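Protein sequence lines, in the order shown, are assigned to chains A and B.
In terms of this note's numbering, the numbers along the first sequence are unbroken and rise by one, the last being 222.
In terms of this note's numbering, the numbers along the second sequence are unbroken and rise by one, the last being 1222.
Even for Gly, the Cβ is constructed at its ideal location relative to N, Cα and C.
Here the structure is a predicted model, which is why all the values come from computation and not from measurement.
First comes the structure, then the notes that go with it.
Number of protein chains: 2
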Amino acid sequence: MRILYIEDEKLLADAVKHLLEKSDIAVDWTDDGEEGLRLAKKPLYDAIVLDIMLPKMSGLEILEILRKSGNKTPIIMLSALSEIEDKVKGLELGADDYLAKPFKTSELVARLNALNRRPPLREEKLLKFADLRYNPENRTLNGEPLTEKEGEIIKMLLESKDKTVQKDYILGRVWGGDMVSEDNYVEVYVSYLRKKLKKINSRVIIKTVRGLGYKLIDPEAE
Amino acid sequence: MRILYIEDEKLLADAVKHLLEKSDIAVDWTDDGEEGLRLAKKPLYDAIVLDIMLPKMSGLEILEILRKSGNKTPIIMLSALSEIEDKVKGLELGADDYLAKPFKTSELVARLNALNRRPPLREEKLLKFADLRYNPENRTLNGEPLTEKEGEIIKMLLESKDKTVQKDYILGRVWGGDMVSEDNYVEVYVSYLRKKLKKINSRVIIKTVRGLGYKLIDPEAE
DNA sequence: GGTTATTTTAAGCTAATTTTAAGGTTTTGT
DNA sequence: ACAAAACCTTAAAATTAGCTTAAAATAACC
């Protein structure tokens, strides 16, 4: 197991690092919040141990930024016993566990192991509309695999529910900005998507809004 | 039931042996760590009761050697109440239970019986999916030995069950963070893994999700 | 220090996806 | 109704991602 340890008390950090390494846990340590955040973004760690009081950038800030960017690495917060408020805040922001200082290293080891025994609990973020379920994780629409462009487009349509998505907007988002504006790209892929909707027997149709773009329609609604 | 009891306090050992035998538990006793290890390797015992403080070789060492060699005999650790660190370490190394000295023999009897009623806790460390069993302890997939990288990758796939694991994520975790991004590493090893899946006649296939990563599929599910 | 196992590098190959292009259909304005 | 514009569909060509192998480099082992 490899963890990132962000802590500004060097003496404590050294001791903890040493003890964790005896328990076969590799530790990368930094005393700097910004540096910590940079490292934390790499998909390298099984867990992050995060002190709340840090120079430059507080542990809570780091936690918040990571979670908002979709990072789901298990995080254990550390802080002085008094800072109860922080505990609540931390767990709210998506920390996985909390340990008050001073703590026994064995306790930390036990919690790290506990965290990593259970699989990382990332929630399913399925996009839904009528009888459609799009899973961006593996790019499947009701089980049917989509290509990258197909996926991008259906995602935009699903995110807008039954609002119209402009063709130019799709073009810009899916094919970089400086396209030699080829509306036909979008048309080709909408055509492919319609074929796949038929294939999976969905009742949803992609309606063309002439001059504007496309929108999803559920004929059974209304 | 027959157990191996490794304990250097002869007086205590005699008493415990006597009492256990009255509860219909056969006891082989040794006061020597090395001798104990030799005996423990025989597939002869339903359980091993292991004192931590031993001459020549500590109980934790014995435990570690046994578990690393794949031995799954249930083990109960004994130690003085104070040695809390040892408790954590012991359970981590794969001990099945822990008893602080001094203890009541009836308590030991109860725990031995409990251990032999439930299947060895060890099982849970195996990663399973369909007909696959991966043992990270000795890095074998249904008995077939894997290399380190192969093991890391199959572990990640197994931990994610049938979710897609991104190629970049694998790259980051298996080959350090700042790689000269070589997707081909992952491709080569996935290829090796597929060869091994065929070799062990598993029905599981590693499906490619183009542009994203890989996931395990059990064709017999669905 | 030599042998074996593992990892990295590289290259040719295959298959999937994307782009291009052309001909057909529908809609809209006059 | 007719022409023009917008859109649809399809298939082929082009491109890209991924697969597989084998050889070279490195690490592990005795």
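I need the straight-line Cα distance from A95 of chain A to M1156 of chain B, nearest angstrom please. For this step, residue 95 of chain A is matched to residue 95 along the first sequence. For this step, residue 1156 of chain B is matched to residue 156 along the second sequence. Each residue's alpha carbon lies about 22 Å from the other.
Would a check of beta-carbon distances place L99 of chain A closer than 7 Å to chain B? Locating residue 99 of chain A in the first sequence gives position 99, where the first residue counts as 1. False, the Cβ-Cβ gap to chain B never drops below 7 Å.
According to the Cβ coordinates, are E1152 of chain B and V1188 of chain B closer than 7 Å? Sequence index remark: in the second sequence, residue 1152 of chain B carries index 152 (1-based). Sequence index remark: in the second sequence, residue 1188 of chain B carries index 188 (1-based). No. Outside cutoff.
Whole-angstrom Cβ separation of T1001 of chain B and A1040 of chain B, contact assumed at under 8 Å? Mapped onto the second sequence, residue 1001 of chain B falls at position 1. Mapped onto the second sequence, residue 1040 of chain B falls at position 40. Thr is not the amino acid found at residue 1001 of chain B; the sequence shown has Met there. With a beta-carbon spacing of about 16 Å, M1001 of chain B and A1040 of chain B fall beyond the 8 Å limit used to define contacts.
Residue(s) in a DSSP beta bridge with R1194 of chain B: By 1-based counting over the second sequence, the position of residue 1194 of chain B is 194. Answer is none; R1194 of chain B lacks a bridge partner.
Put A130 of chain A into one of helix, strand or coil per three-state DSSP. Taking the first residue of the first sequence as 1, we reach residue 130 of chain A at position 130. A130 of chain A: coil per DSSP, three-state reduction.
Any idea what DSSP makes of G176 of chain A, helix, strand or coil? Position 176 of the first sequence holds residue 176 of chain A. In the structure shown, G176 of chain A sits in coil (DSSP, three-state: anything other than H, G, I, E or B).
Can you give me the C-alpha to C-alpha distance between T1164 of chain B and I48 of chain A, rounded to a whole angstrom? Here residue 1164 of chain B refers to the residue found at position 164 of the second sequence. Here residue 48 of chain A refers to the residue found at position 48 of the first sequence. Going by the C-alpha atoms only, they are around 23 Å apart.
Please report the distance separating the alpha-carbon of F1129 of chain B from that of E1009 of chain B. Here residue 1129 of chain B corresponds to residue number 129 of the second sequence, with the count starting at 1. Here residue 1009 of chain B corresponds to residue number 9 of the second sequence, with the count starting at 1. It is roughly 46 Å from the alpha-carbon of F1129 of chain B to the alpha-carbon of E1009 of chain B.
Leaving out five residues on either side along the sequence, give the residues of the same chain with a beta carbon under 7 Å from the beta carbon of P120 of chain A. Your numbering for residue 120 of chain A matches position 120 in the first sequence. With a pLDDT of only 39 at P120 of chain A, under 50, the local geometry of the prediction cannot be trusted, and the value read off the model is given with reservation. Excluding residues up to 5 positions away in sequence, K72 and P74 lie with their Cβ nearer than 7 Å to the Cβ of P120 of chain A in the same chain.
Beta strand (DSSP E) runs contained entirely in the region 14-39 of chain A, provided each spans 3 or more residues: You should have 26-30.
Give me the residue from A:R194, A:R203, A:K161 and A:L112 with the minimum Cα distance to E21 of chain A. Counted from its first residue, the first sequence places residue 21 of chain A at position 21. Of all alpha-carbon atoms in A:R194, A:R203, A:K161 and A:L112, the one lying nearest the alpha-carbon of E21 of chain A is that of A:L112.
Against chain B: residues of the region 134-165 of chain A by CB proximity under 8 Å: Cβ contacts with chain B: E137, N138, R139, P145, T147 and E148.
Counting Cβ pairs, one atom from each stretch, are 3 or more of them under 8 Å apart for the region 1011-1019 of chain B and the region 199-214 of chain A? The region 199-214 of chain A and the region 1011-1019 of chain B do not touch, with fewer than three beta-carbon pairs separated by less than 8 Å.
Within its chain, find whatever has a CB closer than 6 Å to the CB of L1132 of chain B; leave out the 5 residues flanking it on each side and keep chain order. Along the second sequence, one-based indexing puts residue 1132 of chain B at 132. Only S1202 and V1204 meet the Cβ criterion.
Min CB distance L20 of chain A to chain B below 7 Å: Looking up residue 20 of chain A in the first sequence gives position 20. False, the Cβ-Cβ gap to chain B never drops below 7 Å.
Would the beta-carbon of E9 of chain A be found less than 6 Å away from any heavy atom of the ligand COA? As presented, the structure is devoid of all ligands, the ligand COA included, so that no description of it is given.
What would DSSP say about R210 of chain A, mapped onto helix, strand or coil? Looking up residue 210 of chain A in the first sequence gives position 210. R210 of chain A: coil per DSSP, three-state reduction.
Taking 7 Å as the threshold (C-beta atoms), are W29 of chain A and Y45 of chain A in contact? The residue labelled residue 45 of chain A in the question sits at position 45 within the first sequence. The residue labelled residue 29 of chain A in the question sits at position 29 within the first sequence. Between Y45 of chain A and W29 of chain A, the C-beta spacing is not below 7 Å.
Going by DSSP, what residues sit across from P145 of chain A in a beta bridge? Here the question's residue 145 of chain A lines up with position 145 in the first sequence. DSSP lists A:T140 as the beta-bridge partner residues of P145 of chain A.
Report the rounded CA-to-CA distance for D1024 of chain B versus T1105 of chain B, giving the unit in angstroms. As a first step, residue 1024 of chain B must be located in the second sequence, where it is residue number 24. As a first step, residue 1105 of chain B must be located in the second sequence, where it is residue number 105. Between D1024 of chain B and T1105 of chain B, the C-alpha separation is close to 13 Å.
Compute the beta-carbon to beta-carbon distance between E150 of chain A and Y192 of chain A, rounded to the nearest angstrom, for a pair I have assumed lies under 8 Å. Working through the first sequence from its first residue, we reach residue 150 of chain A at position 150. Working through the first sequence from its first residue, we reach residue 192 of chain A at position 192. Confirmed, about 6 Å.
R1067 of chain B: buried (16+ other C-beta within 10 angstroms of its C-beta) or exposed? Within the second sequence, the letter at position 67 stands for residue 1067 of chain B. By the 10 Å Cβ count, R1067 of chain B comes out buried.
For D1183 of chain B, name the three-state secondary structure that DSSP assigns. Counting from 1 along the second sequence, the entry for residue 1183 of chain B is found at position 183. Judged by DSSP in its simplified three-state form, D1183 of chain B adopts helix.
Just to confirm the assignment, what range does the alpha helix (DSSP H) spanning I62 of chain A have? Counted from its first residue, the first sequence places residue 62 of chain A at position 62. G59 to K68 is the span of the alpha helix (DSSP H), which, as asked, contains I62 of chain A.
Mind checking whether E1144 of chain B and K1196 of chain B have CB atoms under 7 Å apart? To locate residue 1144 of chain B, count along the second sequence from 1; it is residue 144. To locate residue 1196 of chain B, count along the second sequence from 1; it is residue 196. Taking 7 Å as the Cβ cut-off, E1144 of chain B and K1196 of chain B qualify as a contacting pair.
Selected residue, minimal CA-CA separation from E159 of chain A, among A:K125, A:I3 and A:N138: Counting from 1 along the first sequence, the entry for residue 159 of chain A is found at position 159. Looking at the Cα atoms, A:K125 is the closest of the given residues.
Nearest CA to the CA of L99 of chain A: which residue from A:N142, A:T208, A:I52 and A:I206? By one-based count along the first sequence, residue 99 of chain A stands at place 99. Comparing Cα-Cα distances from L99 of chain A to each of A:N142, A:T208, A:I52 and A:I206, the minimum goes to A:I52.
For E1035 of chain B and P1136 of chain B, the rounded distance between their alpha carbons: In the second sequence, residue 1136 of chain B corresponds to position 136, counting from 1. In the second sequence, residue 1035 of chain B corresponds to position 35, counting from 1. Using only the alpha carbons, I get a separation of about 28 Å.
Along the chain, where does the beta strand (DSSP E) containing D1051 of chain B start, and where does it finish? Numbered from its first residue, the second sequence carries residue 1051 of chain B at position 51. D1051 of chain B -> beta strand (DSSP E) spans A1047 to D1051.
From the beta carbon of G1036 of chain B, is the nearest beta carbon of chain A less than 7 Å away? Mapped onto the second sequence, residue 1036 of chain B falls at position 36. Chain A contact via Cβ: absent.
Are the Cβ atoms of I62 of chain A and L37 of chain A separated by less than 7 Å? Sequence index remark: in the first sequence, residue 62 of chain A carries index 62 (1-based). Sequence index remark: in the first sequence, residue 37 of chain A carries index 37 (1-based). For I62 of chain A and L37 of chain A, yes; Cβs fall inside 7 Å.
Cβ neighbour criterion (16 or more within 10 Å) applied to E220 of chain A: In the first sequence, residue 220 of chain A corresponds to position 220, counting from 1. Exposed.
Proximity test, Cβ basis, 7 Å: V1186 of chain B and chain A: Here the question's residue 1186 of chain B lines up with position 186 in the second sequence. No, no contact with chain A.
Test item: CB-CB of V186 of chain A and K167 of chain A under 7 Å: Numbered from 1 along the first sequence, position 186 holds the residue referred to as residue 186 of chain A. Numbered from 1 along the first sequence, position 167 holds the residue referred to as residue 167 of chain A. In this structure, K167 of chain A lies closer than 7 Å to V186 of chain A by Cβ.
Can you tell me which of A:N138, A:N142, A:L146 and A:D183 puts its alpha carbon nearest to the alpha carbon of D1162 of chain B? Translated into positions along the second sequence, residue 1162 of chain B becomes position 162. It is A:N138 whose Cα lies nearest to the Cα of D1162 of chain B.
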